[in-house]
Amino acid sequence: RMYEKLSGMTGTAATEDEEFARIYKLDVVVIPPNKPMIREDLGDRIYKDEATKFKALVSDIKEIHTTGQPLLIGTASIEKSDYVSELFKRKGIKHNVLNARQHEREAEIIARAGEPGAVTVATNMAGRGVDILLGGKKPEDGDEKALKEWEDRQKKVLELGGLYVIGTERHEARRIDNQLRGRAGR
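Per this note's numbering, numbering through the sequence shown is continuous, rising by one, with the last residue being 186.
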(Lines of atoms letter the chains of each structure in order from A and count residues from 1; the text may use other names and numbers.)
(Lines give C-alpha, C1' and ligand atoms only; values in the text may rest on other atoms or scores of the structure.)
Protein backbone atom coordinates (compact mmCIF):
# COMPACT_ATOMS: atom_id res chain seq x y z
CA ARG A 1 0.00 0.00 0.00
CA MET A 2 1.14 3.43 -0.88
CA TYR A 3 -0.80 5.33 1.82
CA GLU A 4 -1.68 4.50 5.41
CA LYS A 5 -5.14 6.04 5.01
CA LEU A 6 -7.28 6.40 1.92
CA SER A 7 -10.58 8.24 1.81
CA GLY A 8 -12.69 10.42 -0.40
CA MET A 9 -16.13 11.93 -0.81
CA THR A 10 -18.58 11.82 -3.67
CA GLY A 11 -22.32 11.81 -4.10
CA THR A 12 -22.28 8.71 -6.30
CA ALA A 13 -20.08 6.13 -4.54
CA ALA A 14 -22.99 4.07 -3.18
CA THR A 15 -23.79 2.68 -6.64
CA GLU A 16 -20.23 1.31 -6.84
CA ASP A 17 -19.79 0.08 -3.25
CA GLU A 18 -19.03 -3.52 -4.33
CA GLU A 19 -16.27 -2.28 -6.63
CA PHE A 20 -14.72 -0.15 -3.86
CA ALA A 21 -14.73 -3.18 -1.56
CA ARG A 22 -13.31 -5.59 -4.15
CA ILE A 23 -10.62 -3.37 -5.67
CA TYR A 24 -9.61 -1.03 -2.85
CA LYS A 25 -10.79 -2.97 0.21
CA LEU A 26 -12.75 0.14 1.25
CA ASP A 27 -16.22 0.48 2.66
CA VAL A 28 -18.65 3.08 1.35
CA VAL A 29 -20.51 4.97 4.05
CA VAL A 30 -23.59 6.93 3.02
CA ILE A 31 -24.05 10.17 4.93
CA PRO A 32 -27.67 11.29 4.69
CA PRO A 33 -28.37 14.86 3.56
CA ASN A 34 -29.16 17.42 6.24
CA LYS A 35 -32.23 18.59 4.31
CA PRO A 36 -34.93 16.54 2.57
CA MET A 37 -34.52 15.98 -1.17
CA ILE A 38 -36.83 18.26 -3.11
CA ARG A 39 -35.86 17.02 -6.56
CA GLU A 40 -38.63 15.41 -8.58
CA ASP A 41 -37.34 12.41 -10.56
CA LEU A 42 -39.48 11.59 -13.57
CA GLY A 43 -39.49 8.26 -15.37
CA ASP A 44 -37.66 7.51 -18.60
CA ARG A 45 -39.35 8.19 -21.90
CA ILE A 46 -38.78 5.64 -24.63
CA TYR A 47 -39.07 6.55 -28.32
CA LYS A 48 -39.33 4.39 -31.42
CA ASP A 49 -36.22 5.95 -32.94
CA GLU A 50 -33.59 8.61 -32.32
CA ALA A 51 -35.14 11.18 -34.67
CA THR A 52 -38.43 11.05 -32.74
CA LYS A 53 -36.56 11.33 -29.43
CA PHE A 54 -34.65 14.43 -30.47
CA LYS A 55 -37.76 16.04 -31.98
CA ALA A 56 -39.51 15.57 -28.62
CA LEU A 57 -36.43 16.92 -26.80
CA VAL A 58 -36.43 20.12 -28.87
CA SER A 59 -40.17 20.53 -28.33
CA ASP A 60 -39.79 20.09 -24.54
CA ILE A 61 -36.84 22.49 -24.37
CA LYS A 62 -38.71 25.18 -26.32
CA GLU A 63 -41.70 24.87 -23.98
CA ILE A 64 -39.67 24.94 -20.75
CA HIS A 65 -37.37 27.67 -22.06
CA THR A 66 -40.33 30.04 -22.54
CA THR A 67 -40.87 29.97 -18.75
CA GLY A 68 -37.32 31.17 -18.06
CA GLN A 69 -36.42 28.07 -16.03
CA PRO A 70 -32.73 27.23 -16.56
CA LEU A 71 -32.11 23.92 -18.36
CA LEU A 72 -29.25 21.43 -18.32
CA ILE A 73 -29.30 18.80 -21.05
CA GLY A 74 -26.93 15.90 -20.46
CA THR A 75 -25.58 13.89 -23.38
CA ALA A 76 -23.44 10.74 -23.46
CA SER A 77 -20.81 11.97 -25.94
CA ILE A 78 -19.26 15.05 -27.52
CA GLU A 79 -20.82 14.07 -30.84
CA LYS A 80 -24.31 13.97 -29.31
CA SER A 81 -23.79 17.32 -27.58
CA ASP A 82 -22.77 18.83 -30.92
CA TYR A 83 -25.82 17.25 -32.57
CA VAL A 84 -28.20 18.64 -29.92
CA SER A 85 -26.50 22.03 -30.23
CA GLU A 86 -27.07 22.00 -34.00
CA LEU A 87 -30.78 21.15 -33.48
CA PHE A 88 -31.11 24.04 -31.03
CA LYS A 89 -29.38 26.44 -33.43
CA ARG A 90 -31.83 25.48 -36.19
CA LYS A 91 -34.77 26.18 -33.86
CA GLY A 92 -33.32 29.46 -32.56
CA ILE A 93 -32.78 28.21 -28.98
CA LYS A 94 -29.92 30.23 -27.51
CA HIS A 95 -27.66 27.88 -25.54
CA ASN A 96 -24.13 27.05 -24.41
CA VAL A 97 -22.28 23.77 -24.87
CA LEU A 98 -20.08 22.24 -22.19
CA ASN A 99 -17.83 19.58 -23.67
CA ALA A 100 -14.13 19.01 -24.15
CA ARG A 101 -14.12 21.49 -27.02
CA GLN A 102 -15.19 24.40 -24.78
CA HIS A 103 -12.66 23.95 -21.97
CA GLU A 104 -11.43 27.56 -22.10
CA ARG A 105 -14.98 28.86 -21.50
CA GLU A 106 -16.12 26.10 -19.12
CA ALA A 107 -15.96 28.14 -15.90
CA GLU A 108 -17.92 31.01 -17.47
CA ILE A 109 -20.57 28.66 -18.91
CA ILE A 110 -21.02 26.89 -15.55
CA ALA A 111 -21.19 30.24 -13.75
CA ARG A 112 -24.13 31.27 -15.97
CA ALA A 113 -25.89 27.87 -16.28
CA GLY A 114 -28.21 28.57 -13.33
CA GLU A 115 -29.38 31.97 -14.55
CA PRO A 116 -32.98 32.46 -15.66
CA GLY A 117 -33.37 31.42 -19.29
CA ALA A 118 -30.02 29.62 -19.52
CA VAL A 119 -29.88 26.49 -21.67
CA THR A 120 -26.74 24.38 -21.28
CA VAL A 121 -25.90 21.22 -23.21
CA ALA A 122 -23.21 19.12 -21.51
CA THR A 123 -21.41 15.81 -21.72
CA ASN A 124 -20.68 13.77 -18.61
CA MET A 125 -17.06 14.97 -18.75
CA ALA A 126 -17.98 18.65 -18.41
CA GLY A 127 -18.25 20.57 -15.18
CA ARG A 128 -17.20 17.70 -12.95
CA GLY A 129 -17.07 18.56 -9.26
CA VAL A 130 -18.77 21.93 -9.60
CA ASP A 131 -22.23 23.01 -8.59
CA ILE A 132 -24.50 25.03 -10.82
CA LEU A 133 -25.67 27.89 -8.61
CA LEU A 134 -29.29 28.90 -9.01
CA GLY A 135 -29.35 32.50 -10.18
CA GLY A 136 -25.85 32.21 -11.64
CA LYS A 137 -22.54 33.13 -10.10
CA LYS A 138 -22.87 34.94 -6.80
CA PRO A 139 -21.08 38.31 -6.91
CA GLU A 140 -18.11 39.12 -4.75
CA ASP A 141 -18.71 40.68 -1.37
CA GLY A 142 -19.11 44.43 -1.25
CA ASP A 143 -21.20 45.09 -4.34
CA GLU A 144 -24.65 45.47 -2.77
CA LYS A 145 -26.42 46.25 -6.05
CA ALA A 146 -24.97 43.16 -7.78
CA LEU A 147 -25.83 41.02 -4.76
CA LYS A 148 -29.45 42.23 -4.81
CA GLU A 149 -29.69 41.48 -8.55
CA TRP A 150 -28.30 37.96 -7.94
CA GLU A 151 -30.77 37.38 -5.08
CA ASP A 152 -33.62 38.44 -7.40
CA ARG A 153 -32.39 36.03 -10.12
CA GLN A 154 -32.04 33.22 -7.59
CA LYS A 155 -35.54 33.85 -6.22
CA LYS A 156 -36.95 33.78 -9.75
CA VAL A 157 -35.22 30.47 -10.56
CA LEU A 158 -36.46 28.95 -7.29
CA GLU A 159 -40.01 30.07 -8.07
CA LEU A 160 -39.71 28.42 -11.51
CA GLY A 161 -38.70 25.11 -9.91
CA GLY A 162 -34.90 25.32 -9.95
CA LEU A 163 -32.62 23.79 -12.55
CA TYR A 164 -34.45 21.51 -15.00
CA VAL A 165 -32.20 18.58 -15.92
CA ILE A 166 -32.83 16.30 -18.90
CA GLY A 167 -30.67 13.31 -19.80
CA THR A 168 -30.89 12.44 -23.49
CA GLU A 169 -29.95 8.80 -22.89
CA ARG A 170 -28.73 6.40 -20.23
CA HIS A 171 -24.99 6.09 -19.75
CA GLU A 172 -23.07 2.83 -19.46
CA ALA A 173 -22.69 3.36 -15.71
CA ARG A 174 -25.51 4.24 -13.30
CA ARG A 175 -23.06 6.46 -11.46
CA ILE A 176 -22.85 8.82 -14.46
CA ASP A 177 -26.65 9.06 -14.65
CA ASN A 178 -26.71 9.81 -10.91
CA GLN A 179 -24.13 12.58 -11.35
CA LEU A 180 -26.37 14.28 -13.91
CA ARG A 181 -29.44 13.75 -11.72
CA GLY A 182 -27.51 15.22 -8.79
CA ARG A 183 -27.22 18.56 -10.54
CA ALA A 184 -30.83 19.24 -9.55
CA GLY A 185 -32.43 19.34 -6.11
CA ARG A 186 -29.37 20.24 -4.06
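Ideal Cβ placement from N, Cα and C applies to all residues, glycine included.
Buried versus exposed call for residue i [16 or more other C-beta atoms within 10 Å across all chains shown]
| i | result |
| --- | --- |
| E115 | buried |
| I73 | buried |
| I61 | buried |
| A146 | exposed |
| S85 | buried |
| A113 | buried |
| G136 | buried |
| G142 | exposed |
CA-to-CA distance, residue j to residue i, given in whole angstroms
| i | j | result |
| --- | --- | --- |
| K29 | A76 | Note that residue 29 corresponds to Val in the displayed sequence, not to Lys. In a straight line, the C-alpha of V29 is about 28 Å away from that of A76. |
| T15 | E144 | 43 Å |
| N96 | V121 | 6 Å |
| N124 | E172 | 11 Å |
| R153 | D44 | 30 Å |
| A100 | I78 | 7 Å |
| A21 | N34 | 26 Å |
| E19 | E149 | 46 Å |
| I93 | S81 | 14 Å |
| L98 | T168 | 15 Å |
| I31 | K91 | 43 Å |
| K138 | E106 | 17 Å |
| M37 | S7 | 25 Å |
| R39 | K5 | 35 Å |
| I51 | G117 | A small fix is needed here, since residue 51 is Ala in this sequence, not Ile. Approximately 25 Å between the Cα atoms of the pair. |
Inter-residue CB distance, residue i and residue j (contact presumed, cutoff 8 Å)
| i | j | result |
| --- | --- | --- |
| L160 | Q69 | 4 Å |
| I110 | I132 | 6 Å |
| L71 | Y3 | 41 Å between Cβ atoms; not a contact. |
| F54 | L26 | Between L26 and F54 the Cβ distance is about 40 Å, and since that is not below 8 Å, they are no contact. |
Those residues which DSSP pairs with residue i across a bridge
| i | result |
| --- | --- |
| Y164 | L71 |
| A122 | G74 and L98 |
The ligand ZN heavy atom lying under 7 Å from the CB of residue i
| i | result |
| --- | --- |
| E169 | Absence of the ligand ZN from the depicted structure is noted, as is the absence of any ligand whatsoever, leaving it without description. |
Self-check item: Contained alpha helix (DSSP H) runs [length at least 4] in the segment 84-114, N- to C-terminal order
Solution: 106-112
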